[in-house]
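Visitor: Be aware that the sequence shown starts at 1430, since it is given in the working numbering, and climbs by one per residue. Note that the Cβ used here is the ideal one computed from N, Cα and C, for glycine as well.
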Amino acid sequence: MRTSSAALHHTPAPAPLELPRVGVVVDARAPRATAGTLRMLSHVVTPGDLHLADSREELVRVARLALERRYETVFVAGGDASFSRFVTALLRQPRDAAARLPRLGVLPLGGGQRLAELVGASGLGSDGLLDDVLRAHAAEVPGFRRVDLLDVDGRFAPFAAVGLDAQLVHERAWIQRRLGGTPLHRLVENAGAIAPAVALHSLSTQLARATELECEVRCGVGGALLLGDDGEATGPLVPPGTVLFRGRARCVDATSLTASGPSSPAFDLRGRMRVAVDASVGVLPDLTRLLRGNAHSGSSLAFLASEVTLRFAQSVPVQVGGGTAGTRDSLHLRVVQEAVELCDFSGALH
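Here it is as structure tokens:
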């Protein structure tokens, strides 16, 4: 019996293409983390890779799994505060020096959506939420955005604030806690719907006490670059340890996110944070006095730095990554050496 040459020279079938492994962690406390949303996500997420976290311990467990399973991408379903809580758990996990952090995606299910807007994440409508996950599964994410994180006394986030901005976050959380589980709970699901209530409650709280805080702002390692309104440095590097501001201010904001737009100049923030002190008198600080090591009192300013220490005359509200972080009389912020990569659907080039 003859054997055909075709049988002797058959070509093996090509190996199946290995697609990225994608995980999704849903913050159970997010306003729109409903049973329906979970069912919808279960249709596009591999069984075992959809995680519901309702506590810090659960977030730590999922962060450990993300590294063990070597997820290419992990989507955080929630708000800005959910992202901050998960990335804090992730960066605290022990890992080999060669182990790479997964890329991170944002699925907007919470109140604060600063990150979702930054990367053009799809919303719940028209299955957009599923589209982003499917594109990550198919290795079709159009781009990735490098984002530095701030270490704010042990919590990691791309932005933080003290004073009036943080007070608004505290007020929103106060209202959400009281509306949750009541017939008015749908107001909690819509951050815009409760904005007037937040503003009203916050206004009454602020009128009952001083709206300004007595603070001192000092730059750390790496010094600081003072910025003008156009985002350009106004002079040479201010030495480390200089007190940049001492006086009364409404709030102090820090961010590692690049701002853009006609009213927000584009800053090169790689490895640095932009800190803005909103004080009563809107004039730039006297650079000559700063370089001599003297603090400038009673004026607004903005600067770039890699490390900053804030001190206050009394405890003030703090928000980290859009979530409440209690009250403090001092705060230390520094830019973390290891940045994260966000899935970017905005169409911008990075």
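Judging by CA-CA distance, which residue of G1649, V1570, R1485 is the nearest neighbour of L1762?
Guide: Comparing Cα positions, the closest option is G1649.
Visitor: Beta-carbon separation of V1764 and G1700 under 7 Å?
Guide: Contact: yes.
Visitor: Can you tell which of A1550, G1751, G1755 has the C-alpha that lies nearest to the C-alpha of A1683?
Guide: Considering only alpha carbons, the answer is G1751.
Visitor: Considering only their Cβ atoms, is the gap separating V1745 from L1730 smaller than 7 Å?
Guide: No. Outside cutoff.
Visitor: Check the DSSP bridge columns for Q1748 and list the partner residues they point to.
Guide: A1590, T1753.
Visitor: Tell me the start and end of each unbroken alpha helix (DSSP H) in the segment 1472-1556 that is at least 4 residues and wholly inside, in chain order.
Guide: Listed in chain order, the complete alpha helix (DSSP H) runs (minimum 4 residues) inside the segment 1472-1556 are 1485-1497, 1509-1520, 1543-1547.
Visitor: Name the residue from A1586, A1464, L1481 whose alpha carbon lies nearest to the alpha carbon of V1576.
Guide: Closest by alpha carbon: A1586.
Visitor: Quick one: Cα of L1530 to Cα of V1672, how far?
Guide: Each residue's alpha carbon lies about 36 Å from the other.
Visitor: Could you name the residues that DSSP lists as bridge partners for S1759?
Guide: Its beta-bridge partners are R1740.
Visitor: A1528 and P1537 - do their beta-carbons sit closer together than 7 Å?
Guide: Their beta carbons are not under 7 Å apart, which means P1537 does not touch A1528 by this criterion.
Visitor: Straight-line CA distance for A1550 to D1773?
Guide: Straight-line Cα distance between these residues: approximately 7 Å.
Visitor: Buried or exposed for L1514, please, with buried defined as at least 16 other CB atoms from any protein chain shown within 10 angstroms of its CB.
Guide: Note that residue 1514 is Arg in the sequence shown here, rather than Leu. So R1514 counts as buried.
Visitor: So, helix, strand or coil for V1562, using DSSP?
Guide: Correct three-state label for V1562: helix.
Visitor: For A1464, which of helix, strand or coil comes out of DSSP?
Guide: Reduced to three states, the DSSP call for A1464 is helix.
Visitor: Output yes or no for whether 7 Å exceeds the beta carbon distance between S1471 and L1479.
Guide: Yes. Within cutoff.
Visitor: Start and end of the beta strand (DSSP E) containing R1703?
Guide: Start and end: 1702-1708.
Visitor: Quick one: what's T1784 bridged to in DSSP?
Guide: The question about residue 1784 has no answer, for the chain in this structure spans 1430 to 1779.
Visitor: Taking the beta strand (DSSP E) that F1573 belongs to, which residues open and close that run?
Guide: First-last of the beta strand (DSSP E) with F1573: 1572-1576.
Visitor: From which residue to which residue does the beta strand (DSSP E) around F1732 run?
Guide: Note, F1732: beta strand (DSSP E), 1730-1734.
Visitor: Rounded to a whole number of angstroms, what is the C-alpha to C-alpha distance between L1771 and V1548?
Guide: In a straight line, the C-alpha of L1771 is about 7 Å away from that of V1548.
Visitor: Which class does L1666 belong to by DSSP, given the choice of helix, strand or coil?
Guide: Correct three-state label for L1666: coil.
Visitor: Taking all protein chains shown into account, decide if Q1766 is buried (16 or more other Cβ within 10 angstroms of its Cβ) or exposed.
Guide: Counting Cβ neighbours within 10 Å, Q1766 comes out exposed, since fewer than 16 surround it.
Visitor: On a CA-only basis, which of A1662, S1759, T1753 is nearest F1588? Give me that one, please.
Guide: The shortest C-alpha separation from F1588 is found at T1753.
Visitor: Hey, G1507 and G1540: beta-carbon distance below 7 Å or not?
Guide: Contact flag unset, no.
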